[in-house]
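> Per the numbering used here, residue 371 is the first one in the sequence shown, and the count goes up by one each step. We treat Cβ as the ideally placed atom computed from N, Cα and C, and that holds for glycine. Please find one structure pasted underneath; my questions will follow.
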Amino acid sequence: MDLNSDLRRGGITVLALIVFSQFASASTYLQPIIDFVEQGLITALKRVGNTIAFIMFIYGAAKYVYSADDPAGRKTAMGVCIAAVVAFLFIRIADNVIYQMCVAMPACTP
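This is how it looks when you write it as structure tokens:
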């Protein structure tokens, strides 16, 4: 198997755990798993994602400044900065969607 299919399968598994943990909250024997996914895993993924997006933005900004006479380097650096901002926005939107799912369900605590 190649790396992309393994990452895709792992990403789908994490996404399924996050989404379906909301619907399984009525069962008491799954509560420790649900709490881990809601509190620990989501928080850890947000922190890591925000940190990576911030580092990539700083890298793109530094590359943009240092490649003042190279138009191709500036274009690449601008692409890195835009990708970092899009990644940060994607993380924020995903966090808000998960929060709204929790608020809509009375058994779930955000």
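Let me make sure I understand the geometry here. Which of A423, T383 and A414 has the alpha-carbon closest to that of A457?
Per the Cα distances, A423.
> Assign G410 to one of two classes, buried (16 or more other C-beta atoms within 10 Å of its C-beta) or exposed (fewer than that).
So G410 counts as exposed.
> Starting from the C-beta of A431, find all residues in its chain whose C-beta is less than 7 Å away, skip the five residues before and the five after it, and write them out in chain order.
Same-chain partners within the cutoff: C451.
> Is the distance from the Cβ of A453 to the Cβ of S437 below 9 Å?
The answer is no: Cβ separation not under 9 Å.
> Use the C-beta contact count for I425: other C-beta atoms within 10 angstroms, 16 or more gives buried, fewer gives exposed.
By the neighbour-count rule (16 or more Cβ atoms within 10 Å), I425 is not buried but exposed.
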